[in-house]
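Report on one structure; see the data block that follows.
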Amino acid sequence: MLRRLELDITMRLDGLLQGDYRGLVPGHGSEPGETRRYEPGDDVRRIDWNVTARMLEPYIRQTIADRELETAVAIDLTPSLDFGTADSEKRDLVAAATAAIGFLTLRIGNRFGAELIRPDGIESIPAKQGRDHVLHIVEQVLTAPRGDRSEVTLADGIARLRGPHRRTGLRAVISDFIDDSDWESELKRVGIRNQMMAVEIVDPREMELPNVGSLAVVDPETGQRREIHTGSRRVRERFAEAALEQREEIAQTMRSTRTRHLQLSTDRDWLHDVVRFVATSGAQIR
9 MLRRLELDIT MRLDGLLQGD YRGLVPGHGS EPGETRRYEP GDDVRRIDWN
59 VTARMLEPYI RQTIADRELE TAVAIDLTPS LDFGTADSEK RDLVAAATAA
109 IGFLTLRIGN RFGAELIRPD GIESIPAKQG RDHVLHIVEQ VLTAPRGDRS
159 EVTLADGIAR LRGPHRRTGL RAVISDFIDD SDWESELKRV GIRNQMMAVE
209 IVDPREMELP NVGSLAVVDP ETGQRREIHT GSRRVRERFA EAALEQREEI
259 AQTMRSTRTR HLQLSTDRDW LHDVVRFVAT SGAQIR
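Numbering of the sequence shown is given in the working numbering, commencing with residue 9 and proceeding in unit increments.
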């Protein structure tokens, strides 16, 4: 599995992403550059007040991208990821997303670290460079023990991105975001000093119910069991509406927190989704 992931990313992804690029998410960098007039949508934290005072209109200070930053990823390994009805489990996509971010980070010289959100706690892996380090983190994702319910929340894991990882850079969260904790607030806090990216993992059966009569479902996070009558068209329609509303709320949260949003599904080619994300997210490919 590790070898196949590495080959997919280093060979197939390299073939699709021909040329050089600065990263998964275009960073503002740390070296001061030129100024320009403020435009709607610009980050107000980048306003150069000295130039603004002289010109009597808002100006922002542009920066030169820093190619050697730190990438840290909060990786959700709680029970809701141990599910899949299409080509793979959601956990397999978590591993693929981790490998993609890790190897793309490796290509531009960034250090790569992780916070593994396991059912029984959170494990920190310090940021380092090198292929072996990336493979070690991916292996930890693939071999992480499974649990019946989780003692930690997604918000707990995202908060850890503000702790051990002091150096600014890219912060990513890989999860299905099916969590009742206040993870939105943590995204905002982490994003104050870092570029943010979210990889949302989904399965088609989370969006609609099949017509299979009486269906017993279990909440993997709490262990709660419930019987659903899927033979009812109204029940199936209400489920699909609620699922769509939930995904739209997640997408809106990403927009409001200025978090780049990539969705991977167990019934799609994840490599093509990654390539499309890199090509359209503003990353410089040339």
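No residue lacks a Cβ here, since even glycine has one placed at the ideal position from N, Cα and C.
Mapping DSSP to helix, strand and coil, what is residue i?
i, result
"residue 204", "strand"
"residue 161", "coil"
"residue 35", "With a pLDDT of only 48 at residue 35, under 50, the local geometry of the prediction cannot be trusted, and no value is derived from it."
"residue 183", "strand"
"residue 123", "strand"
"residue 173", "coil"
"residue 59", "helix"
"residue 134", "strand"
"residue 232", "coil"
"residue 281", "helix"
"residue 296", "Summary: the structure shown does not reach residue 296, with the chain confined to residues 9 through 294, and so no result is reported for it."
"residue 216", "coil"
"residue 222", "strand"
"residue 143", "helix"
"residue 72", "The predicted model places residue 72 with a pLDDT of 48, which falls under 50 and marks its position as unreliable; any figure quoted below should be read in that light. Here residue 72 sits in strand by DSSP."
"residue 106", "helix"
"residue 43", "strand"
"residue 192", "helix"
"residue 93", "coil"
"residue 112", "helix"
"residue 14", "helix"
"residue 178", "strand"
Measure the alpha-carbon distance for residue i versus residue j and round it to whole angstroms.
i, j, result
"residue 36", "residue 236", "Bear in mind that a pLDDT of 49 at residue 36, under 50, signals an unreliable position, so the model cannot answer this."
"residue 78", "residue 96", "30 Å"
"residue 108", "residue 158", "26 Å"
"residue 238", "residue 94", "19 Å"
"residue 256", "residue 100", "24 Å"
"residue 252", "residue 69", "40 Å"
"residue 140", "residue 241", "51 Å"
"residue 122", "residue 181", "10 Å"
"residue 10", "residue 51", "39 Å"
"residue 199", "residue 173", "13 Å"
"residue 250", "residue 262", "19 Å"
"residue 179", "residue 118", "12 Å"
"residue 244", "residue 184", "21 Å"
"residue 46", "residue 272", "35 Å"
"residue 85", "residue 207", "13 Å"
"residue 248", "residue 276", "19 Å"
"residue 134", "residue 246", "44 Å"
"residue 176", "residue 49", "22 Å"
"residue 113", "residue 195", "21 Å"
"residue 14", "residue 82", "20 Å"
"residue 213", "residue 59", "54 Å"
"residue 98", "residue 287", "24 Å"
Considering only the alpha carbon of each residue, which of the options lies closest to residue i?
i, options, result
"residue 269", "284, 133, 277 and 167", "284"
"residue 136", "111, 226 and 252", "111"
"residue 280", "130, 124 and 105", "105"
"residue 278", "176, 204, 196 and 210", "210"
"residue 163", "126, 151 and 178", "126"
"residue 168", "131, 264 and 16", "131"
"residue 226", "204, 85, 49 and 90", "90"
"residue 80", "54, 58, 204 and 223", "204"
"residue 233", "55, 259 and 156", "156"
"residue 165", "259, 124 and 265", "124"
"residue 201", "151, 247 and 267", "267"
"residue 170", "197, 186 and 153", "197"
"residue 103", "43, 152 and 186", "152"
Answer with yes or no whether the minimum CB distance from residue i to chain B is below 8 Å.
i, result
"residue 101", "You won't find chain B in this structure, because it holds only one protein chain."
Original post:
Can at least three beta-carbon pairs, one atom from the region 62-70 and one from the region 145-157, be found at a separation below 8 Å?
Top reply: Touching, no.
**OP:** Would you be able to state if there are at least three C-beta pairs under 8 Å between the region 215-222 and the region 182-192?
**Re:** These segments do not touch.
Subject >> Ranges of the alpha helix (DSSP H) found wholly within the region 237-286, counting only runs of at least 4 >> reply: List check, alpha helix (DSSP H) in window: 241-264.
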